C-alpha cells in the first residue's frame, strides 16, 4: 500500500488543528454527501450523515493508523455504516400515520432529464448491498479493490454484487419502459 494522500491531514486533525478539519471537509464533503444521497435517496438525511461522518473523523482521527486501510476507505465505511443505521431505522419505524410522500425531484447531481430520475428511483429499489456496490464503483469511482475494502468483502463478492445490481437495475428500467 502506497502513501496515503490524506495521512498528514488526518494527523493534523488528530492534533486538534482546526484548519486541517476545514481542509478535510472541503476535500471530502462532496463525495461523502453524494454517497449518502444515493444510498438514502433523501438530501436532508444525507446532510445529517455527512455531518456525523465529519464529527467522527474529528473525534477519532488520532486513532486512525496508516497501513490498516486508506483513509478514503475508512471515511466511506463510516458514511456507509451511518447510512445503514438510518435505513434500519426506517424499516423499524411503525406508526398509524402515513409517511410523507417522498420528493420525486431528481438528485442535484443526477443525469439531466427523466432518464436520470428513472435511474435514481430504480437505484433506491434494488437491494441495499447491491446499491452500495454500484454507488461506490460507478458514482464514487472507486476501484474494485477500494470498494471491496470499504464494503469489507472480497473483490469477487463485490463484482458479484455489482453484476446482480446492474441486472436488477436493467430489469426495472426495461420493465418501466414497458409500463409506459
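Residue numbers (UniProt numbering): 1 to 180. Quick reminder that beta carbons are idealized off the backbone N, C-alpha and C, glycines included. It should be emphasised that the depicted structure is a prediction, and the values quoted were computed from it without experimental measurement.
Original post:
Would a C-beta distance cut-off of 8 Å place residue 135 and residue 56 closer than the cut-off?
Top reply: no
**OP:** Measure the beta-carbon distance from residue 20 to residue 49 and round it to whole angstroms, keeping in mind my assumption that it falls under 8 Å.
**Re:** Between residue 49 and residue 20 the Cβ distance is about 22 Å, and since that is not below 8 Å, they are no contact.
Original post:
Rounded to a whole number of angstroms, what is the C-alpha to C-alpha distance between residue 5 and residue 71?
Top reply: 8 Å
Original post:
Between the beta-carbon of residue 127 and the beta-carbon of residue 172, is there less than 8 Å?
Top reply: no
Original post:
DSSP state of residue 128, grouped into three classes?
Top reply: helix
Original post:
Taking C-beta to C-beta, are residue 26 and residue 36 nearer than 8 Å?
Top reply: no
Subject >> Where residue 153 falls: helix, strand or coil (DSSP) >> reply: coil
**OP:** Can you tell me the Cβ-Cβ gap for residue 168 and residue 158, rounded? I've got them flagged as a contact below 8 Å.
**Re:** So it is not a contact: roughly 16 Å between Cβ atoms.
Subject >> Distance between residue 143 and residue 43 (C-alpha atoms, nearest Å) >> reply: 26 Å
Subject >> Nearest-angstrom Cα separation, counted from residue 73 out to residue 109 >> reply: Because the pLDDT of residue 109 is 47, which lies under 50, any placement of that residue in the model is unreliable, and the number read from its coordinates should be weighed accordingly. Their Cα atoms are separated by approximately 22 Å.
**OP:** Decide if residue 145 is buried, meaning its Cβ has at least 16 other Cβ atoms within 10 Å, or exposed.
**Re:** exposed
Original post:
Can you tell me whether DSSP reads residue 143 as helix, strand or coil?
Top reply: coil
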